[in-house]
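A quick write-up on the structure given underneath.
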Amino acid sequence: MDELYALAGGFAVAFTWYNVALMILGITLGVVIGVLPGLGGANGVAILLPLTFSMEPTSAIIMLTSIYWGALFGGAITAILFNIPGEPWSVATTFDGHPMAQRGRADEALVAAFTSSFVGAIFAVALITFLAPVVAKFALRFGPAEFFAVQFLTFASFIGMGRGSPAKTLASMCLGFALACVGLDGVTGSLRMTFGHDELLNGFKFLVAVIGLFGIGEILTSMEDGLKFSGADAKLKMDAVIRTWRQLPKMFFTFLRSCIVGCWMGITPGGATPASFMGYGLAKRFSKNGNNFGKGELEGVVAPETAAHAAGTAALLPMLTLGIPGSPTAAVLLGGLLIWGLQPGPLLFVEQKDFVWGLIASMYLGNVVGLIMVLTCVPLFAAILRVPFSIIAPVIVVICAIGAYTVNNAMFDVWMMLVFGVMGYLFTKLGYPLPPLVLALVLGDQAESSFRQAMLVSQGDVTVFWSNWLSGSIMTLGVILAFWPLVSGLMARFGKSGRTASAA
Amino acid sequence: MRMKTLKTVAARLGLAAGLAALAAPALAWEPTKPVTLIIPAGTGGGADQMARFIQGVIQKHELMSKPLIVVNKGGGAGAEGFLEMKGSAADPHKIIITLSNLFTTPLGTGTPFNWKDMKPVKMMALDQFILWVNANEPYKTAKDYIDAVKAGDDRAFKMGGTGSKQEDQIITVAIEKETGGKKFTYVPYDGGGKVAVQLVGGHVNSSVNNPIEAVAQWRGGQLRPLCIFDKARSTYTNKVTESQSWSDVPTCTESGLPIEYQMLRGIFTTKNATPEQVAYYEGVLKKVMETAEWKEFMEKGAFNQTTMTGAEYEAWLTSAEARHRELMTGAGFVAAAR
Amino acid sequence: MSAIDPDQIHDVEAEKPLVSMRAADIGVALLFLLTSAIVIVDSHRLGFAWLPNEGPAPGYFPFYIAVVMGIASLVNLARALPKPEGEEARTMTSVPGFLRMCAIFVPAVVFVFAISWIGIYVSSAIYIAAFMIFVGRFPIWKALAVAFGVSFISFLMFEVWFLVPLPKGPLEAALGY
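Line by line, the protein sequences give chains A, B and C.
When the letters of the first sequence are read in order and numbered with our numbering, they come out as residues 8 to 511.
When the letters of the second sequence are read in order and numbered with our numbering, they come out as residues 4 to 341.
When the letters of the third sequence are read in order and numbered with our numbering, they come out as residues 29 to 205.
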């Protein structure tokens, strides 16, 4: 009950008109930042950080975290409307969100995305409120072996996602891993696959690849089919919120599962992007409508968005209690804390009670304010689809180019975006699934580093992954999940399910 | 490459137009457009924190007439940022903040770059390194720990550090010279904060974190500093934990581990900058260092507040480069130059 | 990615075919094989052994990944090679479809090329205006207004408000940026 009392005090700190005004400002900026690919939450917070030095630390972090919430909300908008993930964690949102928009259900997809973001965040904030010290201790148990186990589990939960042929899925996934290897190897510092080109030192960045594969690829497909986006002429109805909310209660377990996955990935810290993939993968596997995923299923929007937002919020916990950032944005916020004279770490909750509880209270408030703001704007966002295609198409290409450039401030990435665009078009046409490729690209690097770090620690002994109950149980769970498609596939074959028909 | 040449030509044309507008060169140079501060590292690290701090102080006290824009170009262990500086030698509106990768990246990756491709402006401070162990371990001094490493099996002790073939691993290799042939297992992580937490969790035995990366865990009683890799103890005497201050941490040399290593936090501008232009940046940075915020920032991170400019700074850079070459060659970290 | 509805397929097939699925499949599989060969060569240089105390060498994972990728691509190639029997070959893209794609992609390549010289703002204004006039058949004044508006707003947003420097050319330099 101490927590509730402290939280009430926190609300007293956070709930001033000045702070609420900062929240609204921050969320508006955050949505803009989230919509533009490349200008990510981390950039946005970093850019605005210096502006906040003259503010009170509590007000400053309220504004900065609001930008973060805004960016989390905003990433879904372009993902659903144009198949361009505004933020890395909204890649999984495109899988079902964009098909929904093509069927004229963009407003429902947006409402579902925003609502699930909200649910995920509130769940994670509640966790921070009541369990912060316990969770912080738990996170300390994570060494390289445990990190690898978590990454393996993420991957395992996603295997069998594509409906394409197994050989094509495998080729696509391996290509993702191979691309992730390019550049400076983090473990030995040697250069891989750069062949003397300085541009390649940096490797292929995930965001550049997804902007090209999804954004430019989609533009090409739309152009081929004629000068229009399908779904553009859908009528806008004002009851989108109520219509969508009616469908949500029956997805209770999807929400709960994604909340847990998200919090887990945020704390460990796996990050919001893997969390969104894992949330999507598990929902596809365990939902009754699993086979319809990828064709515009509302649940396919709910699952990744809930997980991403829960992870994004929970990522702030290790930052506050341990001083390790769970996400790039958290890393920038961490720098901010230090500059304001606050030392994140075990003593922050003891020494800076006002600040911590003010911040936690602002997380509740910021998300409520954010949800109201974005929901009222849904018709506005959906109306963007009505702009004539020959205006929107070049504008999208320009936005994609800006997005690709800002990832590393390099022209090389803009060229790569075009190459990935052609690749995205070809792969989609030929039935090479893209999700395994992007997941391999985002996780390949981290998983390889953790694996090799674990090998260094254990002197090359692979059994280290089963040397304690924590990594052992995660690995075992991963193995079960990895072979699940085999089991369910066999069962389906005996049961003569229509799965092979849908693959054609 | 052709694209780049054309780009420079375009940039020069633009610059010429801009300079023509100035007509007679004023005695004191002022920037004519926003100045870019490049960080050759990702967001959230030590260099990033300092750069954004400098930006904040300049903005708050209005020390520059044009905005200062901060950009992260951390690709290829910072190679990207350095190559950009090298490529825009004629544009004085670019400055860069450095960390040890100023020396380690060209040596370790063979990137065609040297600090002489830029013009040194000012050394802001030197960042310290401290040998840390988990507070639950029995070692009270650096000597205790080194003796334990000597007595243990080869590679039995694990040293956590940031990155590979960079400053943390260089220090580790230097320590190995004092351990009677016993090597550490060096485990590279992707950030200093993460290393400190891995040490708290007992996944590695020691680390050489910067003070600011591990101070929270020290205050929380989870980590213990054994010695500081500087020639003299820190000058900060304010209590950090209940009983100890930074100045209570002995130097490694006095604990029988004769190693000194500090990381440069310095500012450079582009190679063709005129003395007036260098003087302008020097003046701005001097004003930054006079603010109360800067002094507080220095104490938080237990920085060594050595500052240098001009010839003295260049001499320091020359010797530091030679030292890195020697250490890295000894450790076998040097890549063939391209 | 996009669900193709039957009407569209009908439309596309009525148009003159350009590239068949089979040809594209073979081409992509060959590209995959090439990629995997490149990766294998470089992994060989890095070493792909399992080192005694350190675990996998830097080339270990890339090597085995490339091997798996190579095998999968061979399977794909083998499946694509035989000519489909009976029914006529499916087309991937038709001539008009390809031309429409070129209408956005070729200018996009020119646009990216131009960024290096004249900066992103001027080139995007030209790109948007040109596309609207020649492909969208908009009146010139409308196209210019939209193009200028988009460039100007992005300039304000990136250079002035968020202080994110994007590639700039002589025009911006003349304006003092």
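Just so it is clear, CB atoms sit at the ideal spot from N, CA and C, and this is done for glycine as well.
All values reported here derive from a predicted model rather than from experimental measurement.
Check: Proximity of Ile149 of chain B and Thr182 of chain B at Cβ, strictly below 8 Å; Outcome: yes
Check: Proximal chain A residues relative to Ser167 of chain B, where beta-carbon distance stays under 9 Å; Outcome: Leu191, Asp192, Gly193, Val194, Thr195, Gly196, Ser197
Check: Contacts that Lys36 of chain B makes with chain E (C-beta to C-beta distance below 7 Å); Outcome: Structure shown: chain E not included; protein chains present are A, B and C.
Check: Residue range of the unbroken beta strand (DSSP E) whose run includes Lys89 of chain B; Outcome: That residue, Lys89 of chain B, is in no beta strand (DSSP E); its alpha helix (DSSP H) goes 82-90.
Check: Beta-carbon neighbours of Leu46 of chain C, restricted to chain B and to distances below 8 Å; Outcome: Near Leu46 of chain C there are no residues of chain B at all, since even the closest Cβ is about 31 Å away, more than 8 Å.
Check: Selected residue, minimal CA-CA separation from Ser68 of chain B, among B:Ala219, B:Gly90, B:Lys36, B:Gly49; Outcome: B:Lys36
Check: Status (buried if at least 16 other CB within 10 Å, exposed otherwise) for Trp476 of chain A; Outcome: exposed
Check: Close beta carbons around Asp103 of chain A, own chain, < 7 Å, minus the five adjacent residues each side; Outcome: Phe300, Gly301, Gly303, Glu304, Gly307, Val308
Check: CB contact check: Glu187 of chain C to chain A, cutoff 8 Å; Outcome: no
Check: His206 of chain B classed as buried or exposed, judged by whether at least 16 other C-beta atoms fall within 10 angstroms; Outcome: buried
Check: Paired residues, beta bridge with Cys230 of chain B - DSSP; Outcome: B:Leu134
Check: Residue-level contact to chain C via CB, Gly77 of chain A, 8 Å cutoff; Outcome: no
Check: Closest by C-alpha distance to Thr107 of chain B, when choosing among B:Gly204, B:Ser167, B:Val218, B:Thr310; Outcome: B:Ser167
Check: Near-chain C residues of the region 59-77 of chain B (beta-carbon distance less than 7 Å), N- to C-terminal order; Outcome: Pro70, Ile72, Val74
Check: Terminal residues of the alpha helix (DSSP H) in which Gly224 of chain A lies; Outcome: 224-232
Check: Interface partners of Ser128 of chain C on chain A, CB under 8 Å; Outcome: Here residue 128 of chain C turns out to be Arg, not Ser, going by the sequence shown. Per Cβ cutoff of 8 Å: Met230, Glu231, Gly233, Leu234.
Check: Whether Leu484 of chain A touches Leu263 of chain A by CB criterion (8 Å); Outcome: no
Check: Cβ distance (whole Å) where Val337 of chain B is taken to contact Leu110 of chain B below 8 Å; Outcome: 5 Å
Check: Pro28 of chain B, DSSP secondary structure in three states; Outcome: Interpretation of Pro28 of chain B is limited by its pLDDT of 44, a score under 50 that renders its predicted location unreliable; no figure is taken from the coordinates.
Check: Local Cβ density within 10 Å of Ser61 of chain A, reported as buried at 16 or more and exposed below that; Outcome: exposed
Check: Residue from A:Ser124, A:Val217, A:Ala49 whose Cα sits closest to the Cα of Phe80 of chain A; Outcome: A:Ser124
Check: Where the beta strand (DSSP E) containing Phe271 of chain B begins and where it ends; Outcome: 266-273
Check: Cross-chain neighbours of Ile215 of chain B in chain A, by beta carbon under 8 Å; Outcome: Leu345
Check: Nearest-angstrom beta carbon gap, Met418 of chain A and Ile143 of chain C [assumed within contact, 8 Å]; Outcome: 7 Å
Check: Beta-carbon proximity check, Ser210 of chain B vs Gly259 of chain B, cutoff 8 Å; Outcome: no
Check: Closest by C-alpha distance to Pro353 of chain A, when choosing among B:Val203, B:Arg158, B:Ile178; Outcome: B:Val203
Check: Paired residues, beta bridge with Trp78 of chain C - DSSP; Outcome: C:Pro84
Check: Own chain partners of Gly222 of chain A with C-beta closer than 6 Å, once the 5 adjacent residues on each side are dropped; Outcome: Ile91, Cys407
Check: Cα-Cα separation between Gly49 of chain B and Trp297 of chain B, rounded to whole angstroms; Outcome: 15 Å
Check: Where Leu433 of chain A sits in the DSSP three-state scheme; Outcome: helix
Check: Within 8 Å, strictly: CB atoms of Ser73 of chain A and Met30 of chain A; Outcome: yes
Check: Whether Ala314 of chain A touches Ala282 of chain A by CB criterion (8 Å); Outcome: yes
Check: Beta-carbon spacing of Ala187 of chain A, Gly451 of chain A below 8 Å; Outcome: yes
Check: Unbroken alpha helix (DSSP H) run spanning Met301 of chain B, endpoints; Outcome: 295-303
Check: Phe149 of chain A: contacting residues in chain B (beta-carbon distance under 9 Å); Outcome: Val200, Gln201, Gly204, His206
Check: Bridge partner(s) assigned by DSSP for Ala67 of chain A; Outcome: BP columns for Ala67 of chain A are empty, so no partner.
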